[in-house]
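Trainee:
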Amino acid sequence: MTSSGGNHSGRVTNPGRGLATDEHGPEVLEETADARGALTLARAIVAVVFCGFGVVALLFVLASGANAAEVALACVCLSGLLALQYFYFGRPSANLRSPGAYVALAVQAGLAYLPLAVFDASWVSQPSFLAGTVFPVDARLGSRSYFDLNATFHAMDKLTFSLGVNNVFDKDPPLVGASMISATSGNGNTYPGVYDALGRYIYFSATIRY
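When the count follows our numbering, it moves up by one through the sequence shown with no breaks and lands on 211 for the last residue.
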């Protein structure tokens, strides 16, 4: 009986990084254009939603019998809230831990809460601008490194045995809240297509060639 040496491999899963590609190739340019188009569409949808939210709030203020000065105040506050949310907090590159972000958050809190003293119940929906839609645990999914082992034994010319272990150190995948998991690519509060959801996995196989 002869045997071949075992081998091991390491694999790293990091959803925040893509595969390296020629930056001048047509496929990269096409993907970049698609990404920009998707981002523009997403920002347009968010803008429409925010504007609709502001219009509904203004209608509540008008329905409460507010005078012209109060309506003007509501317009200024709503414009400030929408502008901060869309042009500052809605930017993918926004640094939400910077001093400027804390100042902007304080201004947004003032615009959301202080008018309650004037508009009372007709303004109760505005503080929801300060409610986060992503839990801190879901804000960023970390990378995982997996270590695999495999050994192959050639018992004879037409018979081969293989024994291996995937995810030797039994690394758990990061968990995602049920409200944030994707219905198409997520399952079991994680992304099994990206991370190893099974844990340590031992396998054995025999191959016969004839």
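Don't be surprised by glycine CBs; every beta carbon is placed ideally from N, CA and C.
1) Could you tell me the boundaries of the alpha helix (DSSP H) in which Ser-163 lies?
2) May I ask you to report which of helix, strand or coil DSSP gives Phe-61?
3) For the region 73-86 against the region 104-119, do three or more pairs of beta-carbon atoms, one drawn from each stretch, fall closer than 8 angstroms, so that the two count as touching?
4) Work out the CA separation of Leu-176 and Ile-209 for me, nearest whole Å.
5) Let me confirm a value: Asp-197 is counted as buried when at least 16 other C-beta atoms fall within 10 Å, else exposed. Which label applies?
6) Is the CB-CB distance between Val-77 and Ser-123 below 8 angstroms?
7) Would you call Phe-120 buried or exposed, if buried means 16 or more other Cβ atoms sit within 10 Å of its Cβ?
8) If you drop the 5 nearest sequence neighbours on each side, which residues of the same chain put their C-beta closer than 7 angstroms to that of Lys-159?
9) Which residue from Val-49, Ser-206, Asn-151, Tyr-114 puts its Cα closest to that of Ala-75?
10) Using DSSP with H/G/I as helix, E/B as strand and the rest coil, what is Gly-194?
11) How many Å lie between Ala-69 and Leu-60 at the Cα?
12) Going by DSSP in three states, Phe-88 sits in which element: helix, strand or coil?
13) With 16 as the cutoff for other CB atoms within 10 Å, does Gly-101 come out buried or exposed?
14) Ends of the beta strand (DSSP E) at Phe-170?
15) Taking C-beta to C-beta, are Asn-168 and Tyr-202 nearer than 8 angstroms?
16) Nearest-angstrom Cα distance between Ser-126 and Gly-194?
17) Check each candidate in Ala-207, Phe-148, Ala-156, Ser-206 and name the one with the smallest Cα separation from Gly-200.
18) Taking just the CA atoms, how far does Val-50 sit from Ala-95?
19) What three-state label does DSSP hand Ser-146 in the structure shown?
20) Could you give the first and the last residue of the continuous beta strand (DSSP E) run that contains Ala-207?
21) What residue from Ala-156, Leu-150, Tyr-87, Thr-161 has the CA that sits closest to Asp-171's CA?
Mentor: Taking the geometry as given:
1) Taken as a continuous stretch (DSSP letters only), Ser-163 belongs to no alpha helix (DSSP H), being part of the beta strand (DSSP E) at 160-167.
2) helix
3) yes
4) 41 angstroms
5) buried
6) no
7) buried
8) Ile-209, Arg-210, Tyr-211
9) Tyr-114
10) coil
11) 13 angstroms
12) helix
13) exposed
14) Phe-170 -> no beta strand (DSSP E), and no H or E assigned at all.
15) yes
16) 39 angstroms
17) Phe-148
18) 20 angstroms
19) strand
20) 202-209
21) Leu-150
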